[in-house]
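For the sequence shown, the UniProt record's numbering assigns the number 1 to the initial residue and increments by one for each residue that follows. Accompanying notes for the structure given below.
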Amino acid sequence: MTDIPMHGAGEGVPPVSDDRIAPVISLAGARAARRDGRGAVQKVVADAVVAGPAEAEAEAEAEAEVAAAGAEADEVVQPPALTVIEHRRPSADELRALEQQVRQIESMPPDELPNRLADDPGAARAARRAENVALHALTRRGQSRAEVADLLVRRELPPEVVEAELERLAGVGLIDDVALARDLVDRLRARKKLGASALRAELQRRRLDRDAIEAALATIADDHADDELVDELARDRARRLGGLDRVTAERRLVDYLARKGHSGSRAREAARRALDGAGPRGGRSGAGARDGGPGGRRPVEFH
Numbered sequence: 001m002t003d004i005p006m007h008g009a010g011e012g013v014p015p016v017s018d019d020r021i022a023p024v025i026s027l028a029g030a031r032a033a034r035r036d037g038r039g040a041v042q043k044v045v046a047d048a049v050v051a052g053p054a055e056a057e058a059e060a061e062a063e064a065e066v067a068a069a070g071a072e073a074d075e076v077v078q079p080p081a082l083t084v085i086e087h088r089r090p091s092a093d094e095l096r097a098l099e100q101q102v103r104q105i106e107s108m109p110p111d112e113l114p115n116r117l118a119d120d121p122g123a124a125r126a127a128r129r130a131e132n133v134a135l136h137a138l139t140r141r142g143q144s145r146a147e148v149a150d151l152l153v154r155r156e157l158p159p160e161v162v163e164a165e166l167e168r169l170a171g172v173g174l175i176d177d178v179a180l181a182r183d184l185v186d187r188l189r190a191r192k193k194l195g196a197s198a199l200r201a202e203l204q205r206r207r208l209d210r211d212a213i214e215a216a217l218a219t220i221a222d223d224h225a226d227d228e229l230v231d232e233l234a235r236d237r238a239r240r241l242g243g244l245d246r247v248t249a250e251r252r253l254v255d256y257l258a259r260k261g262h263s264g265s266r267a268r269e270a271a272r273r274a275l276d277g278a279g280p281r282g283g284r285s286g287a288g289a290r291d292g293g294p295g296g297r298r299p300v301e302f303h
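See the structure below:
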């Protein structure tokens, strides 16, 4: 075995063999080990061999330093606590809870589905299509609620989407059966001079709500206003009947007024007044006289 001289040994000191070397951890060595971390400290302690009383005291001091160094090493080396999110299969209880939620959604009434499924791409596309179809129809003319519903159903949109769109349109005032019924009554009386029965038939044809129809017809309950309307209509029509005999002209005029929705007795009275007083220009003979008779026209000639 090779003798190794001790570093720094003075002259006259006999060499010491390597198997008798007993390194002692000094205070400086313990501090150095502390900087190197807990693993290095543990390795130095495990390899240390202590010999002699002086060395025992040094060992005690070194162990104290090692303990302190280990505690500090624990603080340096130990990583901070982490919150770990695991990707795992749900438990049986969680699966049962999910199944219960699915059953609750499936059992929801249709009118509650659109709000709950607002994030569903399919439902969103159907809602946009319903809105586009309805608005396109409403730009052409006023629509009753039933008319819009029929239009959406013909586009094969889901019932819950149709109902949601109807509620949306009603909420912003784009469909209003009461307002539409009153507007139709005013325009049809002004343009076509329709009576109550013809107006009712037209409003029903437009699929308006029954209460809306009754409310609109209640606004024309004034008999005097209706008399003026039917008289004006009868006079306009009588001007085209001058080539007919009195009986035929009166019958045709009464039928015409009835088709316009005016009652039988009122139509007959208006027809007689019109045939007696206001006729076409020139009548049967084609003369152009304007004098005589109400309105500056001579009465119709009947034979």
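Glycine is no exception: its CB is placed at the ideal position from the N, C-alpha and C atoms.
Between the beta-carbon of residue i and the beta-carbon of residue j, is there less than 9 Å?
i, j, result
"Leu184", "Leu166", "no"
"Ala146", "Asp209", "yes"
"Ala126", "Leu169", "no"
"Lys193", "Leu233", "yes"
"Gly171", "Arg235", "no"
"Arg266", "Glu250", "no"
Pull up the distance between the alpha-carbon of residue i and that of residue j, whole angstroms please.
i, j, result
"Leu275", "Arg191", "22 Å"
"Asp226", "Gln204", "21 Å"
"Val148", "Val230", "34 Å"
"Val161", "His136", "17 Å"
"Thr248", "Ala201", "28 Å"
"Val133", "Arg259", "35 Å"
"Arg140", "Asp150", "16 Å"
"Ala243", "Ala270", "As written in the sequence, residue 243 is Gly, which differs from the Ala given in the question. When rounded, the distance between both Cα atoms is 19 Å."
"Leu188", "Glu228", "15 Å"
"Asp245", "Pro159", "59 Å"
"Asp186", "Arg239", "25 Å"
How far does the alpha helix (DSSP H) with residue i in it extend, from its first residue to its last?
i, result
"Ala123", "Pro121 to Arg140"
"Lys260", "Here Lys260 belongs to no alpha helix (DSSP H), and DSSP marks it neither H nor E."
"Arg154", "Arg145 to Arg154"
Within the same chain, show all residues whose beta-carbon is closer than 8 Å to that of residue i, passing over the 5 residues directly before and after it, in chain order.
i, result
"Arg237", "Leu253, Tyr256, Leu257 and Ala274"
"Ala32", "Below a pLDDT of 50, predicted positions are generally treated as unreliable, and Ala32, at 47, falls in that range; the measurement from the model is reported next regardless. If we look at Ala32 and ignore the five residues flanking it on each side, it has no Cβ neighbours."
"Asp176", "Ala170"
"Arg155", "Arg129, Ala130 and Val133"
"Pro121", "none"
Once you ignore the five residues that flank residue i on each side, which residues in its own chain have a CB closer than 7 Å to its CB?
i, result
"Leu180", "Gly142, Ser144 and Leu208"
"Gly178", "For the record, residue 178 in the displayed sequence is Val; it is not Gly. Excluding positions up to five away in sequence, the list reads Ala212 and Ala215."
"Leu174", "Leu138"
"Ala196", "Leu217, Ile220 and Gly261"
"Val153", "Val162"
CB-CB under 6 Å to residue i, same chain, minus the five flanking residues each way: which ones, in chain order?
i, result
"Arg268", "Val254"
"Arg206", "Ser144"
"Arg182", "Ala216"
"Ser263", "none"
Once DSSP output is grouped into helix, strand and coil, what is the label at residue i?
i, result
"Val172", "coil"
"residue 316", "Shown here, the chain extends from 1 to 303; a query on residue 316 therefore has no answer."
"Gln204", "helix"
"Lys193", "coil"
"Asp276", "helix"
"Ala216", "helix"
"Ala245", "The sequence shown places Asp at residue 245, not Ala. Three-state result, Asp245: coil."
"Arg252", "helix"
"Pro159", "helix"
"Arg237", "helix"
"Ala221", "coil"
Taking 8 Å as the line, does the beta carbon of residue i fall inside it for any heavy atom of the ligand HEM?
i, result
"Glu147", "This structure lacks the ligand HEM; in fact it carries no ligand of any kind."
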